[in-house]
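First comes the structure, then the notes that go with it.
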Amino acid sequence: MPNYWLMKSEPGVFSIDDLANCPNQTEHWDGVRNYQARNMMRDQMHKGDLVFFYHSSCKNTGIAGIAKVVKEAYPDHTALDPDSAYFDPKSTVDNPRWFMVDIRFVEKFTHLVSLQHLKENPLLKDLPLVQRGSRLSIMPVAEKQWNEILAMVPGR
DNA sequence: GCCAACGTTGGC
DNA sequence: GCCAACGTTGGC
Numbered sequence: 001m002p003n004y005w006l007m008k009s010e011p012g013v014f015s016i017d018d019l020a021n022c023p024n025q026t027e028h029w030d031g032v033r034n035y036q037a038r039n040m041m042r043d044q045m046h047k048g049d050l051v052f053f054y055h056s057s058c059k060n061t062g063i064a065g066i067a068k069v070v071k072e073a074y075p076d077h078t079a080l081d082p083d084s085a086y087f088d089p090k091s092t093v094d095n096p097r098w099f100m101v102d103i104r105f106v107e108k109f110t111h112l113v114s115l116q117h118l119k120e121n122p123l124l125k126d127l128p129l130v131q132r133g134s135r136l137s138i139m140p141v142a143e144k145q146w147n148e149i150l151a152m153v154p155g156r
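Be aware that the first sequence starts at 1, since it is given in full-length UniProt numbering, and climbs by one per residue.
Quick look at the structure:
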């Protein structure tokens, strides 16, 4: 059984369309700089897990589609690159502080499941995404929540 | 652009 | 270990 996740991305930076247009429709998920998110990604995210791709900080916030984990956590090289916005001087080759996984495009929803609709569904009240003040960029999704959200996808 | 909420840093 | 200051996230 796969685990289920939700990962946020700003579509102005990297959208689900960008993922679909990558070589092999696969890209590494760099730039995670939050320990809670890192720990989940590093310790609990496994090959074959499914991911809701969430568009944040944009006009239409919500879940835009599905991706899947195709490579488990390995060091995030952008932390070692002084020219990267994600550079972290405290991360080293021998002792990497930040990690990333590779994900592959699976499906784009014809219409996204909006944050507003997610918030309105009482069955999703425990999802960190809809909780007040939550800023987690990677979060687990329970199987029941996953199925509930899938049932909310317009036209699916 | 605003700002509430949160995470991190660093002095003590 | 406390906590004030600061930086970031992300919805609105």
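Cβ coordinates follow ideal geometry from the N, Cα and C atoms, glycine included.
| query | Going along the chain, which residues of its own chain have a beta-carbon closer than 6 Å to the beta-carbon of residue 62, five neighbours each way excluded? | reply | 112, 113, 114, 115
| message | If you follow the beta strand (DSSP E) that residue 117 is in, where does it begin and where does it stop? | response | Careful: residue 117 lies outside any beta strand (DSSP E), inside the alpha helix (DSSP H) at 115–120.
| said: Is the separation between the beta-carbon of residue 109 and that of residue 75 shorter than 8 Å? | reply: no
| Residues bridged to residue 141 (per DSSP) | Bridge partners of residue 141: none, in fact.
| query | Between residue 44 and residue 137, what straight-line distance do the alpha-carbon atoms span, to the nearest angstrom? | reply | 15 Å
| What residues in its chain sit with their C-beta under 7 Å from that of residue 120, if we drop five residues either side in the sequence? | none
| said: Give me the DSSP bridge partner(s) of residue 100. | reply: 74
| field | Cβ shell of residue 41 (< 7 Å), same chain only, five flanking positions each side left out | value | 32, 73, 99, 101, 138
| query | How about residue 11 and residue 55: are their beta carbons less than 8 Å apart? | reply | yes
| residue 70 vs residue 51 beta-carbon contact at 8 Å | no
| request: Assign residue 47 to one of two classes, buried (16 or more other C-beta atoms within 10 Å of its C-beta) or exposed (fewer than that). | output: exposed
| message | What would DSSP say about residue 127, mapped onto helix, strand or coil? | response | coil
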